[in-house]
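Residue numbers (the numbering used here), protein chains in the order written: chain P, 300 to 413; chain A, 535 to 649.
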């Protein structure tokens, strides 16, 4: 069974631009969550999607948004990029995102904003 | 913000020795998971322990959970150089819908195993 796939692996963007990251979950998994990892703040939860609906959201500004498609693939968008958005963005998939299911992560997309 | 604290922040041992990492958390949880991360890459799932479990084993890994103390430990026995990585604990809160898909991570322990 293929794991969680994130594309692209690396991105360099300029301040003010926008970016879209993609995540394909494990086959059969319907929940996709996104996380931002930085040296200063560690791993922080962005949002979770299940069956094309955002069910949960972390404490990030509205510049961070996402969506999920009917095949459970998810995209995350960051608009008006700031230098502080430079980070490793990780997505995780699980069967249902409920409270006792394991979450499996992709390799991440490393975003650098210059 | 991070819920958990991990202890120690860094651990350096020789191959063959055991490594123990501790994690504390603040709220009531449904489960706790441990992950490994190599050099800023993706997180590899190691083990999940539910709040009604006290101990779990997987290969060379042993995880304990003490909900009364809100703490967990990860023991890696007979460590290898390939175990060198950062290790994170992550909790799922017992908070109904607000916990959907949300893991709260500790700051991690950096483990270095010398050959």
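Don't be surprised by glycine CBs; every beta carbon is placed ideally from N, CA and C.
Within chain A, the residues that residue 320(P) reaches when beta carbons sit closer than 7 Å: By Cβ distance, chain A contributes nothing, its closest Cβ being about 13 Å from residue 320(P), past 7 Å.
Residue 636(A) burial status per 10 Å Cβ neighbour count (16 or more: buried): So residue 636(A) ends up on the buried side.
Contact with chain P by residue 635(A), beta-carbon distance below 8 Å: yes
Exposed unless 16 or more other CB atoms sit within 10 angstroms - verdict on residue 384(P): buried
The segment 637-647 of chain A / the segment 578-593 of chain A touching (three or more Cβ pairs under 8 Å): no
Where residue 626(A) falls, given that 16 or more other Cβ within 10 Å makes a residue buried: buried
Cα-Cα separation, residue 343(P) to residue 369(P): 26 Å
Neighbour-count burial assignment, residue 563(A), 16 or more Cβ in a 10 Å radius: buried
C-beta atoms of residue 558(A) and residue 607(A) nearer than 8 Å: no
Cutoff 8 Å: residue 579(A) Cβ touching any chain P Cβ: yes
Proximity winner among 318(P), 348(P) and 410(P), relative to residue 324(P) (alpha-carbon distances): 348(P)
Contacts that residue 596(A) makes with chain P (C-beta to C-beta distance below 9 Å): Neighbours of residue 596(A) on chain P: none; closest Cβ ~18 Å, over 9 Å.
Residue 597(A) burial status per 10 Å Cβ neighbour count (16 or more: buried): buried
Residue range of the unbroken beta strand (DSSP E) whose run includes residue 632(A): Neither: residue 632(A) is in no beta strand (DSSP E) and is coded neither H nor E.
Residue closest to residue 413(P), alpha-carbon to alpha-carbon, out of 327(P), 317(P), 352(P) and 373(P): For the residues 327(P), 317(P), 352(P) and 373(P), the minimum Cα distance to residue 413(P) belongs to 317(P).
Cβ pair residue 544(A), residue 610(A) closer than 8 Å: Taking 8 Å as the cut-off, the beta carbon of residue 544(A) is found no closer than this to the beta carbon of residue 610(A).
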